[in-house]
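Asks:
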Amino acid sequence: MRKILALLLVVVLLVGLVACSTPKGSDDKAAPDKPEETQADTPDEPDDTPDADEPDADEPDADETPEPAGKKIYRYALAADPESFDPCLAHGIPSATICYHIYGSLYLDDVGDIRPALAESHELAEDQVTYTFKLRDGLLWSDGQPLTAQDFEYGIKRFVNPDTASPMGYFANIIKNGEKVNKGELPLDDLGVKALDEKTLEIVLERPAGYFLGMLSKSFFSPQRQDIVEGYGKDYCATPDKQVYSGAFVVTEFGEGKMVLAKNPNYFEADKVNLDGVEIYTVAEANTQLSMFENGELDMVVLSTDMAPQYEGQSQSYFDGANDFGGPNLRNKYLANKDFRLALNFAINREEYILLGHNGLYTPNLRYVLPQVSGVEKSYGEEYPYEAFPLQGDVEKAKQHLDAAMAELGVADPSEITLKMVTTDAETAKKEAEILQNQWKNNLGINVDINLVPYKTKNSMLTPGRDDFDLIMSGWVPDYSDPYAYLELFESDNAYNYINYHSDEFDGYIRKSKETTGKERMDNLFNAEKTLLEDGAVIPQQLREVHYLVADGVTGLEGYFVGFNFSYLYLDKNAE
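Here our numbering is used: position 13 in the sequence shown is 13, and no number is missing along the way.
Pasting the structure below:
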């Protein structure tokens with residue numbers, strides 16, 4: 001077993017910060033020069049990249065491609081193959097992790113430190129909605145062609161274009177006319193994005209948004225080449241050679257079970273990228289990943305909560321921002337009943353759930369919005385403390401709600417009720433589902449059938465109007481440090497509102513939050529969260545903490561919301 005090197009990592013998640021994409025660990029890289037910014041306002045994750053379950057997949061032979069002699073190749077494993085590396089279509093954790101490294105962005109988010117990337121600077125007009133970005137001199141695509149503001153305009157418009165059918169298209173609603181363009185109600189030319197010249201990009205927002213710069217760190221807003229996209233058509237991004245890259249790495253191999261990246265010599269900070277390449281394997285089983293790490297086949301491994309206690313004092317950890325929750329499908333006759341949903345929520349002993357499911361290493365979540373995201377002056381949780389449900393549950397109150405629901409629904413005995421719960425086929429997800437199944441059976445007397453499906457299958461089910469699940473286990477990673485990043489999912493017309501929740505009261509608070517600022521805006525968001533939970537529309541479960549090991553010679557690894565940032569990682573294979 002290789003000696004494990006202690007890695008200093010920032011564990012604090014965004015407390016007091018105004019942006020939330022990439023919590024950062026220790027590193028040895030020199031901080032890049034930060035050009036002067038004009039009126040740099042306060043910005044922002046999810047990625048938001050949404051769903052956060054760990055899936056299974058076929059396991060490859062880790063030695064099928066030997067590491068080239070003298071090359072600095074970083075090797076790690078994902079639990080599932082990325083579904084796509086099209087910057088507009090990638091939304092799962094595996095894809096978001098890859099896209100973060102192969103596509104450049106206007107700005108980068110380092111632990112709430114929003115710094116220019118492909119942009120050199122920006123100006124914010126007095127109207128607080130018009131941003132003018134100046135690109136750096138000499139920007140190049142991986143094929144050596146100039147990278148221009150027109151590439152950003154085209155890329156963002158392709159993201160919003162309804163023909164692209166991006167699952168994250170609503171993310172651009174903050175841009176002027178973004179929502180109407182994404183719905184096909186206005187033409188693309190009406191979107192508030194315009195290249196003024198080859199180095200100048202203007203973006204106009206619907207309303208002031210202090211977190212906007214941080215949103216631009218997501219691959220959805222990355223540049224794209226029109227000639228490449230249209231030249232390859234439906235085959236765009238189907239293979240590594242059918243794309244060009246603007247990030248720290250390029251894709252050289254992409255297939256089931258393995259992905260290979262190489263350093264992009266044309267990246268604007270290529271001199272700060274120490275790796276020659278990256279090998280990413282798909283390995284479903286956590287035990288197999290750990291064995292590969294101990295055998296020297298991987299340079300980093302994420303530990304399951306079953307494994308983490310064995311490595312106390314050796315492993316590192318960070319919060320990845322995911323709030324796992326159950327999504328009740330309100331098209332189901334039982335789950336359409338508010339009392340029935342509240343019965344499910346009050347019947348859960350979340351303390352027991354965390355102890356049995358994760359050895360107590362996750363944090364029980366008693367509300368919906370992550371408390372650590374930014375409020376007005378402090379963290380949201382500090383300014384708006386709230387516990388919707390008791391830590392150990394309240395079985396008596398749960399039964400009261402169940403009795404009320406059964407009376408309204410004409411059900412004589414709870415054993416008549418059977419729900420189909422969908423989750424991934426990962427071992428951890430199965431264990432979580434079984435704990436909930438037992439608690440609901442023991443405390444309420446209802447039946448729950450568990451349906452285990454592959455990760456990609458479950459992700460494909462997260463759309464409104466489906467009837468193939470009653471409950472679905474899900475999670476959300478915010479794309480910026482603001483409660484709205486969580487709450488917008490459940491607006492009535494949101495394309496990601498897969499629980500089919502429709503509430504005039506909730507929608508009203510969200511609408512008012514868009515029309516107000518400061519404390520008044522945050523009050524409206526808090527009222528929206530309370531409405532969501534008082535309706536029992538979601539079943540909060542836990543906040544995640546990632547535990548991992550790194551090999552000797554690995555420094556500069558950064559943990560952030562959708563995975564790990566290895567752009568500036570340093571790798572010394574001779575370290576002891």
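Beta carbons are placed, not taken as given, at the ideal position from N, Cα and C, and that holds for glycine.
No experiment lies behind these values; they were computed from the predicted model shown.
Whose C-beta lies closer than 7 Å to the C-beta of residue 517 among residues of the same chain, with five residues either side of it excluded?
Replies: Reading the sequence shown from its first residue, position 517 is the one you call residue 517. Excluding residues within five positions, the ones whose Cβ falls inside 7 Å are 208.
Asks: Considering just the uninterrupted stretch of the beta strand (DSSP E) at residue 101, what are its terminal residues?
Replies: For the purposes of this step, residue 101 is taken as residue 101 along the sequence shown, with counting starting at 1. That residue, residue 101, is in no beta strand (DSSP E); its alpha helix (DSSP H) goes 93-102.
Asks: Using 9 Å as the threshold, is the C-beta distance between residue 476 and residue 322 below it?
Replies: Counted from its first residue, the sequence shown places residue 476 at position 476. Counted from its first residue, the sequence shown places residue 322 at position 322. It is a contact, given that the beta carbons lie within the stated cut-off.
Asks: Alpha carbons only, please: which of 284, 261 and 125 is nearest the one belonging to residue 275?
Replies: Reading the sequence shown from its first residue, position 275 is the one you call residue 275. When only C-alpha atoms are compared, the closest one is 261.
Asks: Please report the distance separating the alpha-carbon of residue 457 from that of residue 147.
Replies: For this step, residue 457 is matched to residue 457 along the sequence shown. For this step, residue 147 is matched to residue 147 along the sequence shown. Each residue's alpha carbon lies about 36 Å from the other.
Asks: DSSP three-state call for residue 495: helix, strand or coil?
Replies: Mapped onto the sequence shown, residue 495 falls at position 495. Coil, per DSSP.
Asks: Distance, Cα to Cα, residue 364 vs residue 541?
Replies: The residue given as residue 364 occupies position 364 in the sequence shown. The residue given as residue 541 occupies position 541 in the sequence shown. Straight-line Cα distance between these residues: approximately 6 Å.
Asks: Could you spell out the range, first to last residue, of the beta strand (DSSP E) harbouring residue 134?
Replies: As a position in the sequence shown, residue 134 is number 134, starting the count at 1. Looking at the DSSP string, the run of the beta strand (DSSP E) that includes residue 134 is 130-135.
Asks: Looking at C-alpha atoms only, which residue of 405, 127 and 137 is the closest neighbour of residue 121?
Replies: Position 121 of the sequence shown, counting from 1, holds the residue named residue 121. Nearest C-alpha to residue 121: 137.
Asks: Is it a yes or a no for the region 492-501 touching the region 348-358, going by three-plus beta-carbon pairs under 8 Å?
Replies: Flag = no, the region 492-501 and the region 348-358 do not touch.
Asks: If you draw a straight line from the alpha carbon of residue 65 to that of residue 135, how long is it in whole angstroms?
Replies: Locating residue 65 in the sequence shown gives position 65, counting from the first residue. Locating residue 135 in the sequence shown gives position 135, counting from the first residue. Reliability fails at residue 65, whose pLDDT of 44 lies under 50, so the model's placement of it is uncertain and the value that follows must be treated cautiously. Their backbone Cα atoms lie some 38 Å apart in a straight line.
Asks: When burial is assigned at 16 or more other CB atoms within 10 Å of the CB, is residue 556 buried or exposed?
Replies: Stepping through the sequence shown from its first residue, residue 556 is reached at position 556. Its Cβ being crowded by 16 or more others within 10 Å, residue 556 is buried.
Asks: Do residue 328 and residue 528 come within 9 Å of each other at the CB atom, strictly closer than that value?
Replies: Here the question's residue 528 lines up with position 528 in the sequence shown. Here the question's residue 328 lines up with position 328 in the sequence shown. At a Cβ-Cβ threshold of 9 Å, residue 528 and residue 328 do not count as neighbours.
Asks: Whole angstroms is fine: what's the gap from residue 382's alpha carbon to residue 231's?
Replies: On the sequence shown, residue 382 is found 382 positions in, with the first residue counted as 1. On the sequence shown, residue 231 is found 231 positions in, with the first residue counted as 1. Using only the alpha carbons, I get a separation of about 51 Å.
Asks: CB residue 114 to CB residue 247, shorter than 9 Å?
Replies: On the sequence shown, position 114 is the one that residue 114 refers to. On the sequence shown, position 247 is the one that residue 247 refers to. No. Outside cutoff.
Asks: Can you tell me which of 478, 326, 375 and 368 puts its alpha carbon nearest to the alpha carbon of residue 471?
Replies: As a working note, residue 471 is residue 471 in the sequence shown. Looking at the Cα atoms, 326 is the closest of the given residues.
Asks: Using only the alpha-carbon positions, how far apart do residue 582 and residue 153 sit?
Replies: Nothing about residue 582 can be reported from this structure: the residues present for the chain run from 1 to 576 only.
Asks: Looking at C-alpha atoms only, which residue of 354, 433 and 106 is the closest neighbour of residue 544?
Replies: For the purposes of this step, residue 544 is taken as the residue at position 544 of the sequence shown. Across the set 354, 433 and 106, the C-alpha of 354 shows the shortest separation from the C-alpha of residue 544.
Asks: Alpha carbon to alpha carbon, what distance is there between residue 79 and residue 293?
Replies: Position 293 of the sequence shown, counted from the first residue, corresponds to residue 293. Position 79 of the sequence shown, counted from the first residue, corresponds to residue 79. The straight-line gap from Cα to Cα measures roughly 14 Å.
Asks: Return helix, strand or coil for residue 262, following the three-state DSSP convention.
Replies: Here residue 262 corresponds to residue number 262 of the sequence shown, with the count starting at 1. Residue 262: strand per DSSP, three-state reduction.
Asks: Of all the alpha helix (DSSP H) runs that stay within the bounds of the region 337-390, which reach a length of 4 or more residues?
Replies: Those alpha helix (DSSP H) runs which fall completely within the region 337-390 and span 4+ residues are 338-346, 350-358 and 380-383.
Asks: In the DSSP assignment, what residue or residues form a beta bridge with residue 319?
Replies: The sequence position of residue 319 within the sequence shown is 319, counting from 1. Paired residue(s): 545.
Asks: Which of the three DSSP states is assigned to residue 326 in this structure?
Replies: On the sequence shown, position 326 is the one that residue 326 refers to. Strand, per DSSP.
Asks: Can you tell me whether residue 46 is buried or exposed? The criterion is at least 16 other CB atoms within 10 Å of its CB, across all chains shown.
Replies: What you label residue 46 is simply residue 46 of the sequence shown in a count that begins at 1. Any reading at residue 46 must be qualified, since the residue scores a pLDDT of 33, below 50, and its modelled position is unreliable; the value itself is stated next. Residue 46 comes out buried.
Asks: Is residue 52 buried or exposed, if buried means 16 or more other CB atoms sit within 10 Å of its CB?
Replies: Position 52 of the sequence shown, counting from 1, holds the residue named residue 52. Confidence at residue 52 is low in this model, with a pLDDT of 40, below 50, so the placement of that residue should be treated as unreliable; the coordinate-derived value is given next. With 16 or more other Cβ atoms within 10 Å, it is buried.
Asks: Would you kindly report the start and end of the unbroken beta strand (DSSP E) that includes residue 279?
Replies: Working through the sequence shown from its first residue, we reach residue 279 at position 279. For residue 279, the uninterrupted beta strand (DSSP E) segment begins and ends at 277-282.
Asks: Take the Cβ of residue 415 as the centre, count every other Cβ of all protein chains shown within 10 Å, and call the residue buried at 16 or more, exposed below.
Replies: Taking the sequence shown and counting its residues from 1, the one referred to as residue 415 is at position 415. So residue 415 ends up on the exposed side.
Asks: Check whether the Cβ atoms of residue 366 and residue 499 sit closer than 9 Å, and answer yes or no.
Replies: On the sequence shown, position 366 is the one that residue 366 refers to. On the sequence shown, position 499 is the one that residue 499 refers to. Cβ distance not < 9 Å, so residue 366 and residue 499 don't count as in contact.
Asks: What residues in its chain sit with their C-beta under 6 Å from that of residue 56, if we drop five residues either side in the sequence?
Replies: Sequence index remark: in the sequence shown, residue 56 carries index 56 (1-based). Any reading at residue 56 needs caution, since the residue's pLDDT is 41, under 50, leaving its predicted position unreliable; the model's value is listed next. Answer for residue 56: 284, 425 and 426, listed in chain order.
Asks: Under a three-way DSSP split, which group does residue 82 fall into?
Replies: By 1-based counting over the sequence shown, the position of residue 82 is 82. Three-state DSSP puts residue 82 in coil, outside helix and strand.
Asks: Determine the direct distance from the alpha carbon of residue 402 to that of residue 352, and round the result to whole angstroms.
Replies: As a working mapping, residue 352 is identified with position 352 in the sequence shown. As a working mapping, residue 402 is identified with position 402 in the sequence shown. Separation of residue 352 and residue 402 (C-alpha to C-alpha, rounded to the nearest whole angstrom) is 21 Å.
Asks: Could you please give me the residues that DSSP links to residue 122 through a beta bridge?
Replies: What you label residue 122 is simply residue 122 of the sequence shown in a count that begins at 1. Residue pairing by DSSP places residue 122 opposite 133 in a beta bridge.
Asks: Do the CB positions of residue 204 and residue 301 come within less than 9 Å of each other?
Replies: By one-based count along the sequence shown, residue 204 stands at place 204. By one-based count along the sequence shown, residue 301 stands at place 301. Their beta carbons are not under 9 Å apart, which means residue 204 does not touch residue 301 by this criterion.
Asks: Quick check: the Cα distance between residue 199 and residue 149, rounded to an integer number of angstroms?
Replies: Sequence index remark: in the sequence shown, residue 199 carries index 199 (1-based). Sequence index remark: in the sequence shown, residue 149 carries index 149 (1-based). Their Cα atoms are separated by approximately 5 Å.
Asks: Bridge partners of residue 292, per DSSP?
Replies: Working through the sequence shown from its first residue, we reach residue 292 at position 292. DSSP lists no partner for residue 292.
Asks: Which two residues bound the contiguous beta strand (DSSP E) that contains residue 474?
Replies: Within the sequence shown, numbered from 1, the residue matching residue 474 stands at position 474. Counted as a single uninterrupted DSSP element, the beta strand (DSSP E) harbouring residue 474 occupies residues 471-476.
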